[in-house]
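Just so you know, the sequence shown maps onto residues 12 to 185 in this note's numbering.
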Amino acid sequence: MNRVFSLLLILLPVLILIIYGKILLTSQEDVTAVYDPKPIPQFQLLTLQGQEILPTEFDGISLLNVWASWCITCLVEHPFLTKLSQNNINLIGLNYKDSKSNAQQWLKKRGDPYKFSIHDPRGDLAFDLGVTGAPETFLVANQEIIGHIQGELNQEKWESIFVPLIRSIEAQNP
């Protein structure tokens, strides 16, 4: 019995380290989803400026970026989003579980790359989209979600995941 207990004392920490290492070494591609198109969920929300917004606003190709003023990683990805918006990428924000005043202050301080930001204080639209946290970015084409990235959107993910999808859409609709 002592021997079994001793063996467990040795193997249990090793097993925990292996599992923990596997989690840490999981590629970002493993948490990236590209899937069959699905329609934007129906919603009735306002922008941060108080304007009513409808799913029909998602015509053409857009990025829907889930962000919040309390999100550290959102701060990290913000310069890249700004760069995308300066290159005429249609960027729509989804302000997630945040106060309107904090979100407005955050954008005022850092710059607003979004065409508009939908204010989702309870996370209802985010829940319907399947959001697990901020940031997440959805590629939307003609009111259908065709791609999704969890975590920070950066140059590498943009070029390896979203650009090929955009090119595919553009090839289908010359």
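We treat Cβ as the ideally placed atom computed from N, Cα and C, and that holds for glycine.
Coil, strand or helix - residue i by DSSP
{"i": "residue 139", "result": "helix"}
{"i": "residue 110", "result": "coil"}
{"i": "residue 184", "result": "coil"}
{"i": "residue 83", "result": "helix"}
{"i": "residue 95", "result": "helix"}
{"i": "residue 118", "result": "helix"}
{"i": "residue 90", "result": "helix"}
{"i": "residue 54", "result": "coil"}
Residue i classed as buried or exposed, judged by whether at least 16 other C-beta atoms fall within 10 angstroms
{"i": "residue 40", "result": "Caution applies to residue 40, whose pLDDT of 44 falls short of 50 and renders its modelled position unreliable; the model cannot decide the point."}
{"i": "residue 124", "result": "buried"}
{"i": "residue 149", "result": "buried"}
{"i": "residue 83", "result": "exposed"}
{"i": "residue 137", "result": "buried"}
{"i": "residue 170", "result": "exposed"}
{"i": "residue 146", "result": "buried"}
{"i": "residue 98", "result": "exposed"}
Nearest-angstrom beta carbon gap, residue j and residue i [assumed within contact, 8 Å]
{"i": "residue 173", "j": "residue 158", "result": "6 Å"}
{"i": "residue 75", "j": "residue 64", "result": "That pair is no contact at about 11 Å."}
{"i": "residue 91", "j": "residue 164", "result": "6 Å"}
{"i": "residue 78", "j": "residue 106", "result": "6 Å"}
First through last residue of the beta strand (DSSP E) which encompasses residue i
{"i": "residue 161", "result": "155–161"}
{"i": "residue 128", "result": "127–131"}
{"i": "residue 73", "result": "72–78"}
{"i": "residue 147", "result": "147–152"}
Distance cut-off 6 Å: residue i Cβ against heavy atoms of the ligand SAH
{"i": "residue 128", "result": "For the structure depicted, the ligand SAH is absent and the ligand set is empty, with no information on it obtainable."}
In DSSP terms, what residue i is bridged to
{"i": "residue 102", "result": "74"}
{"i": "residue 170", "result": "None; residue 170 has no bridge partner."}
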